[in-house]
Amino acid sequence: MLRLQLLSNLVAVHSGLDCTHLRRYYLPTGTSQSLDFICQCNLDPFLPFRVVRIICLFDFLEYFTKPLANLSRFLLPYAYVRKLSLFDDFYLSSMSMSVSSDNGSVASSHEDLHDHGSTPAVTGTGANTEAEHVGSDWSSIPDEIRSLIERDINKPLRVIGICRTLTENVSEPLLADSILLMKMLSEQTNLESQIWIYPSPVQEALQKWTSNDRIIHGPPDGERVQIQTGFVEECIRQGWLVHVEPEVGKQVALREVTKATEAMEKSCGNVLIVANAHGYDTEGEEDGEIVVNTLDVWSKESRISASELDSAIAAGRLGHHQYFARVTLLSSTCHAGRLASKTHEFSLVAASNTGDHSALDCSNSLRFRGTSFVHAVDKHLRNEFHPENGMRVSHLTGKPLENTLQRLMELAEPTEVHEPLIILAPYDALVSVPPGSNIPPRLSDRPTANAAEAPGNAATHQAATPDPFSGSESGLGRITLGAKIRYFEQSNPIKEKTMSYEIVRVSIARYRAGILSAEDTKLLNDHMDSIKWWNTRINELFIDVFGGAGVLPIEDSRAQLDRLEVFELLRGHKYLARLLPKHPLHAPTEARGAYDARQLAYIKAIVKAHGVSATKSWLRNQKYKFNELKARGTLFES
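If you read the sequence shown in our numbering, its first letter stands for residue 42, the second for the next number, and so on.
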């Protein structure tokens, strides 16, 4: 047995843990800390260490980027330290250590670990290194250890994708994300099978969203990914892309999860469930549930919950409390951080745990090109490899990785504390799994190079179509839609971080480019009318209640309710909620998306000063007037 006295002392001093008996520990799921092993020597038990934070993007990369030099499952028979994305000011890999064994003494320094693809040497508070250069010399690793590593990192993998592709603005980026992930995964040699379930024909979506027989992913400025539609057509022929009716999508998805788990149980493989869909958003226990059918989002049969995934996975297990297959759910839905397994059947990697993280990339052709999360993953993977010889030239870890990916995604640090971004199933539930961090294997080769598309220009757009909302008396309104849009933009100078706002923003851009359909143009016009009319009416009532001195109109105010305050208002006054103004252009899965947060802030203040009963009566009367003026087509100027 190897004696890890020095390592035990270091860990005990830094983490306050009693390491007399080396075991693997976990803090309760959902806390800001979780413990994972960082060291294993031969057959010795695990050595615990405090992991302050694990960013979901780092662990997700493990699916795609596997150099043989990264010994993520096994340690050398002497001493090998595995650091799992430690966001701390202390790294064992930076320490020179000498470990004695019963058969002799072997010295292992951080330089040795560095050469074998370990983590970069970082010491001291705030010490950061942008990249780690990884050596490719494996001559010093014994053949038996190398064979064990090869066997473990090339485990069979089955993928089940739950996607959303209806040809509407809110779903457009989800198809691009799914195709890009499918492209990356399809190149893995250990991929046994994959099935991506769509609730609508993929060909229909491709006809609307492709440009020159390509799917383009990424922002208009900078490198963008191009995927030929021929690849998608081949996936359809292979049976990887499957169209199912929305009403039965849930049953099909859960059945595929059970089948994949059963197959991987027999071969001790991995199951990856990818949810590129919408997440349920009601500020309740159902938040984050995967929405399969948005046509009936309120029905339980249209959503997949964590407990239902638990049951589907358990049905595929070989026996009670036997865990031969590792199952991981990657969810990019809103509030995905709440999809943690209740019975530890699967691990969760949440790419978006709140609605604020649903940033979209819109191209110069005014098409959504996927979310920034998936594009950042792809960009990072390609940057890890040398562009000519394909060798890994860097491997970002810890805080440098977090900074890099956040820079790629152009997302600021969240101001609110939400659910953890990643929750690993505890070791007791994975006793039959070879030692590792419960993450499926990584690619040994770099992903296929993706060409970049030069930014487009206005000449590529279609000619502008006549404005159906012209100033003529015979039109649907006396004021042009362009004037209504200018009012909206001037009164909304701050960009909101919601999917509903993105839909409005892109609809405006498409209208100005002359490529917005007549149906969507009417919807945009109705939205502008609704916003303007209710702003005017609420401003009038606010002045009546509080007086005109020093009162800012909604258009000039920055006051608004946040997400939680919206739900508190809706739940605290259920009868009042039925009368609150809703606007037509919004994400169907965002329960608060139909409301204007600034209008609700004013109404909440009115309720407090004016009373619930009086406010309800006023809202009811305004609803009648709204419907009457809408029928006349004179809402905006009223």
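We put the beta carbon where it would ideally sit given N, CA and C, even for glycine. Quantities reported herein were computed from a predicted structural model and do not represent experimental measurements.
*Please state whether DSSP places Ala642 in a helix, a strand or coil.*
Here residue 642 refers to the residue found at position 601 of the sequence shown. In this structure, Ala642 counts as helix in the three-state DSSP scheme.
*asked:* Taking DSSP's pairing of strands, which residues face Val283 in a bridge?
replied: Working through the sequence shown from its first residue, we reach residue 283 at position 242. Looking at the DSSP assignment, Val283 forms a beta bridge with Ile238.
_Inter-residue Cα distance where the pair is Leu621 and Arg578_ = For the purposes of this step, residue 621 is taken as residue 580 along the sequence shown, with counting starting at 1. For the purposes of this step, residue 578 is taken as residue 537 along the sequence shown, with counting starting at 1. If I take the Cα positions, the gap works out to 12 Å.
*Between the region 236–245 and the region 348–362, do three or more beta carbon pairs fall short of 8 Å?*
Contact fails: fewer than three Cβ-Cβ distances are below 8 Å.
*Pick out whichever of Gln269, Pro197, Arg344, Lys525 has its Cα sitting closest to the Cα of Leu295.*
Locating residue 295 in the sequence shown gives position 254, where the first residue counts as 1. If we check each option's Cα against that of Leu295, Arg344 comes out closest.
*What are the boundary residues of the alpha helix (DSSP H) that includes Thr656?*
Here residue 656 refers to the residue found at position 615 when the sequence shown is read from its first residue. Residues 653–673.
*Excluding five sequence neighbours on each side, which residues of the same chain lie with their C-beta closer than 7 Å to the C-beta of Cys276?*
Locating residue 276 in the sequence shown gives position 235, counting from the first residue. For Cys276, where only same-chain residues beyond five positions count, the Cβ hits under 7 Å are Met223, Leu282.
_Per-residue burial, Leu98 [other beta carbons within 10 Å of its own, 16 or more giving buried]_ = By 1-based counting over the sequence shown, the position of residue 98 is 57. Any reading at Leu98 needs caution, since the residue's pLDDT is 31, under 50, leaving its predicted position unreliable; the model's value is listed next. Residue environment: Leu98 is assigned as buried (16 or more neighbouring CB atoms within 10 Å of its CB, all protein chains considered).
*Near His568, which residues of its chain fall below 6 Å by C-beta distance, leaving aside the five closest residues on each side in sequence?*
Counting from 1 along the sequence shown, the entry for residue 568 is found at position 527. Excluding residues within five positions, the ones whose Cβ falls inside 6 Å are His624, Pro625, Leu626.
*Thinking C-alpha only, which one of Val293, Cys309, Leu370, Gly674 is nearest Leu359?*
Your numbering for residue 359 matches position 318 in the sequence shown. The candidate whose alpha carbon is nearest that of Leu359 is Cys309.
*asked:* Short of 6 Å in beta carbon distance, which residues of its chain neighbour Ser532, apart from the five on each side in sequence? Order them along the chain.
replied: Position 491 of the sequence shown, counted from the first residue, corresponds to residue 532. Closer than 6 Å at Cβ, skipping near neighbours: Glu596.
_Simplified DSSP assignment, three categories, for Ala559_ = Within the sequence shown, numbered from 1, the residue matching residue 559 stands at position 518. Helix.
*Which residues bound the alpha helix (DSSP H) around Gly360?*
On the sequence shown, residue 360 is found 319 positions in, with the first residue counted as 1. No alpha helix (DSSP H) contains Gly360, which DSSP labels as neither H nor E.
_What does the alpha-carbon distance come out to for the pair Ala730 and Lys300?_
In the structure displayed, the chain extends from 42 to 679; residue 730 sits before or after that span and is not available.
*Measuring alpha carbon to alpha carbon, tell me which of Arg199, Gln267, Val592, Leu371 ends up nearest Glu306.*
Position 265 of the sequence shown, counted from the first residue, corresponds to residue 306. Comparing Cα positions, the closest option is Arg199.
*asked:* Helix, strand or coil, according to DSSP, for Leu233 in the structure here?
replied: Translated into the one-based positions of the sequence shown, residue 233 becomes position 192. For clarity, residue 233 is Glu in the given sequence; the question names Leu instead. Reduced to three states, the DSSP call for Glu233 is strand.
*Given that a residue counts as buried once 16 or more other Cβ atoms are within 10 Å of its Cβ, and exposed if not, what is Asn637?*
The residue given as residue 637 occupies position 596 in the sequence shown. Here the sequence assigns Asp to residue 637, which means Asn is not the residue at that position. Classification for Asp637: buried.
*CA-CA distance, Asn311 and Lys196?*
Mapped onto the sequence shown, residue 311 falls at position 270. Mapped onto the sequence shown, residue 196 falls at position 155. Each residue's Cα considered, the two are about 7 Å apart.
*Between Ile314 and Arg639, what straight-line distance do the alpha-carbon atoms span, to the nearest angstrom?*
By 1-based counting over the sequence shown, the position of residue 314 is 273. By 1-based counting over the sequence shown, the position of residue 639 is 598. Each residue's alpha carbon lies about 38 Å from the other.
*Exposed or buried, Gln229, counting other C-beta atoms within 10 Å across all chains shown (16 or more means buried)?*
Along the sequence shown, one-based indexing puts residue 229 at 188. By the neighbour-count criterion, in which a residue is buried when 16 or more other Cβ atoms sit within 10 angstroms of its Cβ, Gln229 is buried.
_I need the straight-line Cα distance from Glu560 to Glu233, nearest angstrom please._
Numbered from 1 along the sequence shown, position 519 holds the residue referred to as residue 560. Numbered from 1 along the sequence shown, position 192 holds the residue referred to as residue 233. Cα to Cα, Glu560 sits roughly 44 Å from Glu233.
*Residue environment, Gly378, which counts as buried when at least 16 other CB atoms sit within 10 Å*: Within the sequence shown, the letter at position 337 stands for residue 378. So Gly378 counts as buried.
_Less than 8 Å between the C-beta atoms of Glu386 and Ala355, yes or no?_
Counting from one through the sequence shown, the residue named residue 386 turns up at place 345. Counting from one through the sequence shown, the residue named residue 355 turns up at place 314. A contact, by the Cβ cut-off of 8 Å.
*Who are Cys204's beta bridge partners in DSSP?*
The residue given as residue 204 occupies position 163 in the sequence shown. Note: Cys204 sits in a beta bridge opposite Asn317.
*asked:* Can you determine whether any heavy atom of the ligand ZN sits closer than 7 Å to the C-beta of Val200, and answer yes or no?
replied: Of ligands this structure carries none, so the ligand ZN is not represented either.
*Rounded to whole angstroms, what's the CA-CA distance from Lys671 to Leu641? Just pull it up for me.*
Counting from one through the sequence shown, the residue named residue 671 turns up at place 630. Counting from one through the sequence shown, the residue named residue 641 turns up at place 600. If I take the Cα positions, the gap works out to 21 Å.
*asked:* Pull the bridge partners of Leu198 from the DSSP assignment, please.
replied: The sequence position of residue 198 within the sequence shown is 157, counting from 1. Paired residues: Leu232, Asn311.
*Under the rule that 16 or more other beta-carbon atoms within 10 Å means buried, what is Thr160, buried or exposed?*
Looking up residue 160 in the sequence shown gives position 119. Low per-residue confidence applies at Thr160: pLDDT is 26, beneath 50, and the placement is therefore not dependable, though the value from the model is reported in the following sentence. Buried, by the Cβ-count rule.
_8 Å Cβ cutoff met for Leu522 and Tyr542_ = By 1-based counting over the sequence shown, the position of residue 522 is 481. By 1-based counting over the sequence shown, the position of residue 542 is 501. No, Cβ-Cβ distance for Leu522 and Tyr542 is not below 8 Å.
*asked:* For Cys204 and Glu303, what's the separation of their Cα atoms in angstroms?
replied: On the sequence shown, position 163 is the one that residue 204 refers to. On the sequence shown, position 262 is the one that residue 303 refers to. About 22 Å.
*Spatial neighbours of Phe529 within its chain, please: CB distance less than 7 Å, with the 5 preceding and 5 following residues excluded, ordered by chain position.*
If you number the sequence shown from 1, residue 529 lands on position 488. So the list reads Met569, Ile572, once near-sequence residues are dropped.
_Range covered by the alpha helix (DSSP H) that runs through Val607_ = Within the sequence shown, residue 607 is the residue found at index 566, counting from 1. First-last of the alpha helix (DSSP H) with Val607: 604–613.
*Do you know offhand how far Asn231's Cα is from Pro534's?*
As a working note, residue 231 is residue 190 in the sequence shown. As a working note, residue 534 is residue 493 in the sequence shown. Roughly 49 Å between the two C-alpha positions.
*Look at the alpha carbon of Leu660 and the alpha carbon of Gln279, and state the distance between them as a whole number of angstroms.*
Counting from 1 along the sequence shown, the entry for residue 660 is found at position 619. Counting from 1 along the sequence shown, the entry for residue 279 is found at position 238. Going by the C-alpha atoms only, they are around 56 Å apart.
*Euclidean distance between Cα positions of Ala650 and Ser679*: In the sequence shown, the residue the question calls residue 650 occupies position 609. In the sequence shown, the residue the question calls residue 679 occupies position 638. Spanning the two alpha carbons is a distance of roughly 26 Å.
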